[in-house]
Amino acid sequence: MSYRSTWWRPWHDIDLTLLGAVLTLTVIGVTAIRSAGLAQNTWDWWQQTLIALLGLGVALLLARLPYQWLRRWHWGVYGLANALLVAVMFVGTSALGAERWINIGGFHLQPSELAKVALVVTLAAVLEQSRAPALWTIGQAALVVALPWVLVFLQPNLGTALIFVAITLGMLYWANIPLAWIVLLLSPLVSAIVLSLSLPLWGVWVVVMAVVGWFSLPWPRIGGLAALVVNLVSGQLGQVFWGLLKDYQRERLILFLDPNQDPLGGGYHLIQSRIAIGSGGLWGQGLFQGSQTQLSFIPEQNTDFIFSVIGEELGFIGSMIVLFLFWLICLRLILIARSARDGFGSLIAIGVLSMLIFQVVINIGMTVGLAPITGIPLPFLSYGRSAMLANFIALGLVESVANHRRKSFY
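For the sequence shown, the positions run 10 to 419 when my numbering is used.
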């Protein structure tokens, strides 16, 4: 046996396709960040590279270790993540009206990013113990997500709070919770939104949810009545919570519908992003040659709007390559979940899948005007040291599931 094969043996069964897709995205992201920072002569791309290398090392270490040890320590991981979220409220660094970072030796740690991974691990351990779909299973999941969700929402960080919800719903579905129940879980949020759009449509929605509750919940009359009451109340509470949001958050949530209402204010981001992506054409204007990018017309172009840089400079072809890589990552995560040794590992893979796919859909959607601007980064592409590190930790956990699975797959 050669030295090389002996050295590689601890990682013999990791998913190289998944790892390769992630590393390719990371290289594209670093290059786009470099382009976005040329005009300001920033070194964000270099910092991103260093964190990516550190994250890769952490991911390979986690892939080598059996992931089952997290089953015993998931409450410790959960407690540490929430402790960091609490610490942000007292010693956090403020930016744009929010307290989201803790300064540790010059490194700005964003606990909410690590909390996403901690939530995946904890929910996987809790949901694995459920032998059959039951309302108590949903109750347990709700209790787990409630504390970090509230702490993140109070920062305020609405984008990450929404990611927590996406993670929870995706993992509940994989844990065999009926789809009708998941729809009922989402119905209060939908009710709150629909009421602000159309009163008759809201009335129809409330009635439909009552019917769904009647036919899907264990106690038809009680279930139907509960669904009716919850949607009636949530519609009114939605107006209250809307008033609790910061002005910039409300603008981000509605201006995507018509950014020309405030072209020099809240709508400026989206207008410039559309111009940049549209000007890219089929092949793009060329790397480091995008006019909107190099003249810094796109705010936050190295973070929230990194896809605009890619669309302008690499064009439709480059954008499709990025989308293909994300599709490939999602496919590999599903295959790993299906071939995992146990339910705990399978749920970890689905939790990471839910976390990534929600961020991809919302981030790319907001750059082209199909989703509200919520400040959700694009995984492995947007500049963000904490986000990059958290994403590689999540990758390492999934690779551990693949590395220690019982059977191979293609």
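Yeah, the Cβ is synthetic: ideal placement off N, Cα and C, and Gly gets one too.
Note that this is a predicted model, so its numbers are computed, not measured.
From the options, residue whose alpha carbon lies closest to that of residue i
i    : options                   : result
T35  : L74, I176, L195 and W54   : W54
V221 : I202, L208 and I191       : I191
L246 : W223, P268 and S200       : S200
R341 : S300, I359, G327 and V331 : I359
R81  : V100, A48, L132 and W214  : L132
L136 : V249, L188 and G354       : G354
S363 : M375, V159 and V129       : V129
V161 : G232, L204, Y392 and Q119 : Q119
I371 : V217, Q57, V100 and L262  : L262
S328 : L387, L194 and S207       : L387
P157 : A92, F99 and G289         : A92
P197 : A184, A48 and V216        : V216
P187 : L206, W214, L152 and F224 : F224
G252 : S205, G233 and G276       : S205
I113 : M180, A380 and T102       : T102
T169 : L210, S121, L194 and W145 : S121
M297 : P229, G212 and I319       : Note that residue 297 is Phe in the sequence shown here, rather than Met. Out of P229, G212 and I319, I319 has the C-alpha closest to the C-alpha of F297.
A380 : G290, L266, D271 and M98  : L266
G384 : I338, H278, G287 and Q294 : H278
P2   : M180, A189, W228 and L241 : Nothing in the structure corresponds to residue 2, since the chain is present only between 10 and 419.
I330 : Q303, G374, L291 and G378 : L291
I23  : L69, N50 and G64          : L69
M98  : Q138, N166, L59 and W228  : N166
Contacts around residue i, its chain only, beta-carbon distance under 7 angstroms, and the 5 residues preceding and following it disregarded
i    : result
F367 : I172 and A175
V67  : F401, I402 and G405
T33  : L334
R43  : W54
A293 : Strictly speaking, residue 293 in this sequence is Gly, with Ala absent from that position. Cβ within range, chain order: E321, E322, L323, G324 and G327.
Q56  : R394
S317 : S282, A285, I286, I307, Q310 and T376
A143 : none
Where residue i sits in the DSSP three-state scheme
i    : result
W52  : coil
N311 : coil
N91  : helix
I113 : strand
L74  : coil
L237 : helix
G102 : Here residue 102 turns out to be Thr, not Gly, going by the sequence shown. The answer is strand: DSSP assigns T102 an E or B state.
S11  : Caution applies to S11, whose pLDDT of 49 falls short of 50 and renders its modelled position unreliable; the model cannot decide the point.
L118 : strand
W20  : helix
L379 : coil
Y419 : Because the pLDDT at Y419 is just 40, under 50, the model does not fix this residue reliably, and the point stays unresolved.
A150 : helix
A184 : coil
H413 : coil
I402 : helix
F367 : helix
Q281 : helix
S229 : Sequence check: residue 229 is Pro here, not Ser. In the structure shown, P229 sits in a helix (DSSP, three-state: H, G or I).
F306 : coil
F353 : helix
D271 : coil
W214 : helix
A143 : coil
S391 : coil
N166 : coil
Supposed close pair residue i, residue j - CB separation, criterion 8 angstroms
i    : j    : result
I315 : G38  : 7 angstroms
L334 : A30  : 5 angstroms
V410 : Y182 : The Cβ separation is near 18 angstroms, so there is no contact.
L390 : A155 : Not really, about 31 angstroms apart at Cβ, beyond 8 angstroms.
A151 : L356 : About 16 angstroms separates the two Cβ atoms, so there is no contact after all.
F325 : G289 : 7 angstroms
R1   : Q164 : Because residue 1 is not part of the residues shown, which for the chain are 10 to 419, the question remains open.
T376 : I286 : 7 angstroms
A96  : I111 : 6 angstroms
L94  : A134 : About 19 angstroms separates the two Cβ atoms, so there is no contact after all.
L337 : T26  : 7 angstroms
Beta-carbon proximity list for residue i, same chain, < 6 angstroms, skipping 5 on both sides
i    : result
P19  : R73
L237 : A219
T177 : A150 and V154
S243 : P197, S200 and A201
Y87  : A127 and T131
L365 : P388
F418 : For F418, the pLDDT reaches just 44, beneath the cut-off of 50, and the residue's location in the model is therefore unreliable, leaving the point undetermined.
Y437 : Since the first residue shown for the chain is 10 and the last is 419, residue 437 is missing from the structure and cannot be characterised.
L79  : V130
8 angstroms CB neighbourhood of residue i in its chain, flanking five on each side removed
i    : result
G46  : W52, D53, W54 and N311
A235 : G222 and L226
N269 : G276 and I280
L232 : According to the sequence displayed, residue 232 carries Gly and not Leu. G222, W223, S225 and L226, listed in sequence order.
Any chain E beta carbon closer than 8 angstroms to residue i
i   : result
V67 : Among the chains of the structure shown, chain E does not appear; only one protein chain is present.
Inset, instruction - Specify whether the segment 274-294 and the segment 303-310 touch according to this definition: at least 3 beta carbon pairs, one from each stretch, less than 8 angstroms apart. - result: yes
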